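*Asks:* Before I ask anything, let me first share the structure, which is written out below as structure tokens.
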Amino acid sequence: MRLIQMHTVRFTGAALAAIPLALGALTAQSSAQDASPSPTGTSGTFGSGCSALSQNVDTAKDKVVDAAAAYPQLSQLVSAAVRAHLTDTLNDKPAVTIFAPNNEAFKKVTASQLSSLLSNEGQLKKVLTYHVVDKEIKPDQLADGSFTTLEGGKLTTSGSGTDFKVDGKANIVCGNIKAANATIYVIDSVLQPPS
Numbered sequence: 725m726r727l728i729q730m731h732t733v734r735f736t737g738a739a740l741a742a743i744p745l746a747l748g749a750l751t752a753q754s755s756a757q758d759a760s761p762s763p764t765g766t767s768g769t770f771g772s773g774c775s776a777l778s779q780n781v782d783t784a785k786d787k788v789v790d791a792a793a794a795y796p797q798l799s800q801l802v803s804a805a806v807r808a809h810l811t812d813t814l815n816d817k818p819a820v821t822i823f824a825p826n827n828e829a830f831k832k833v834t835a836s837q838l839s840s841l842l843s844n845e846g847q848l849k850k851v852l853t854y855h856v857v858d859k860e861i862k863p864d865q866l867a868d869g870s871f872t873t874l875e876g877g878k879l880t881t882s883g884s885g886t887d888f889k890v891d892g893k894a895n896i897v898c899g900n901i902k903a904a905n906a907t908i909y910v911i912d913s914v915l916q917p918p919s
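For the sequence shown, the positions run 725 to 919 when the working numbering is used.
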């Protein structure tokens with residue numbers, strides 16, 4: 725019972741702290757993340773940003789929104805998912821891939837654009853579900869990928885080695901983070917669905 729209470733407090737606290745969209749500084753990486761494995765392997769993370777991505781607990785057994793809440797660098801994304809009422813939708817999916825904008829990605833959005841987006845639940849849901857693919861995408865599928873998102877649009881991935889882009893714009897800064905029902909690729913830009 726205590727673990728459930730602590731888990732709920734951790735998630736709720738992370739979501740509530742992120743609602744004002746305060747930007748947190750990046751902290752040292754936990755030993756659970758490894759920045760060096762090849763993206764062709766399915767175990768371990770890859771990307772230049774993994775060393776800066778800290779986590780509060782091991783997330784492999786957590787559903788995706790709870791897993792994302794364990795990473796302070798994803799606090800704005802978690803806050804936005806809560807505002808858009810997507811928590812249950814994402815946590816109930818059996819296997820998804822999330823291209824998760826980090827807090828640095830949200831800094832690239834102007835304050836007025838962000839305020840407008842956060843105040844329009846329908847538009848917020850559209851933007852966030854464009855970051856989600858309803859199946860597992862393995863690292864070896866990123867080199868030349870085209871995937872249909874929950875929003876209904878297509879997003880593309882390209883690159884090689886450990887350098888990949890989403891829609892030709894967002895860099896995957898840390899990839900192949902595992903949650904119980906998801907694979908997370910942290911990106912450095914907020915994606916916009918096609919008009």
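Ideal Cβ placement from N, Cα and C applies to all residues, glycine included. Here the structure is a predicted model, which is why all the values come from computation and not from measurement.
Please determine, among 876, 904, 880, the residue with the shortest C-alpha to C-alpha distance to residue 894.
*Replies:* Position 170 of the sequence shown, counted from the first residue, corresponds to residue 894. Checking every option, the nearest Cα to that of residue 894 belongs to 880.
*Asks:* Using CA coordinates, which residue listed in 830, 889, 808 is at the minimum distance from residue 844?
*Replies:* Position 120 of the sequence shown holds residue 844. The shortest Cα separation from residue 844 among 830, 889, 808 belongs to 808.
*Asks:* With the cut-off set at 9 Å, would you say residue 823 and residue 896 are in Cβ contact?
*Replies:* Position 99 of the sequence shown, counted from the first residue, corresponds to residue 823. Position 172 of the sequence shown, counted from the first residue, corresponds to residue 896. For residue 823 and residue 896, yes; Cβs fall inside 9 Å.
*Asks:* Would you call the region 851–866 and the region 815–832 in contact, with 3 or more CB pairs under 8 Å?
*Replies:* yes
*Asks:* Once DSSP output is grouped into helix, strand and coil, what is the label at residue 870?
*Replies:* Position 146 of the sequence shown, counted from the start, is the residue given in the question as residue 870. Residue 870 falls in the strand class under three-state DSSP.
*Asks:* Mapping the DSSP letters down to three states, classify residue 879 as helix, strand or coil.
*Replies:* Working through the sequence shown from its first residue, we reach residue 879 at position 155. In the structure shown, residue 879 sits in a strand (DSSP, three-state: E or B).
*Asks:* Could you check if residue 846 is buried or exposed, using at least 16 other CB atoms within 10 Å of its CB as the buried criterion?
*Replies:* Translated into the one-based positions of the sequence shown, residue 846 becomes position 122. Residue 846 is exposed by the Cβ-count criterion.
*Asks:* Flag this pair as yes or no: are the beta carbons of residue 792 and residue 805 separated by less than 9 Å?
*Replies:* What you label residue 792 is simply residue 68 of the sequence shown in a count that begins at 1. What you label residue 805 is simply residue 81 of the sequence shown in a count that begins at 1. Result yes, Cβ atoms of residue 792 and residue 805 sit closer than 9 Å.
*Asks:* Do you know offhand how far residue 859's Cα is from residue 831's?
*Replies:* By 1-based counting over the sequence shown, the position of residue 859 is 135. By 1-based counting over the sequence shown, the position of residue 831 is 107. If you draw a straight line from the Cα of residue 859 to the Cα of residue 831, it comes to about 28 Å.
*Asks:* Check whether the Cβ atoms of residue 869 and residue 882 lie closer than 9 Å to each other.
*Replies:* In the sequence shown, counting from the first residue as 1, residue 869 sits at position 145. In the sequence shown, counting from the first residue as 1, residue 882 sits at position 158. Contact: yes.
*Asks:* For the alpha helix (DSSP H) containing residue 846, list its first residue and its last residue.
*Replies:* Your numbering for residue 846 matches position 122 in the sequence shown. It spans 845–853 - the alpha helix (DSSP H) in which residue 846 sits, taken as one unbroken run.
*Asks:* Pull up the CB-CB distance for residue 877 and residue 917, whole angstroms please, since I reckon it's below 8 Å.
*Replies:* As a working mapping, residue 877 is identified with position 153 in the sequence shown. As a working mapping, residue 917 is identified with position 193 in the sequence shown. Contact flag correct, Cβ pair sits at about 5 Å.
*Asks:* Please report the residue range of the beta strand (DSSP E) in which residue 902 lies.
*Replies:* Working through the sequence shown from its first residue, we reach residue 902 at position 178. In the DSSP assignment, residue 902 falls within the unbroken beta strand (DSSP E) covering 894–903.
*Asks:* Who are the Cβ neighbours of residue 771 in its own chain at under 7 Å, not counting the five residues just before and after it?
*Replies:* By 1-based counting over the sequence shown, the position of residue 771 is 47. Taking C-beta separations shorter than 7 Å and ignoring five residues to either side along the sequence, the partners of residue 771 in its chain run 759, 886, 896, 897, 898, 899, following chain order.
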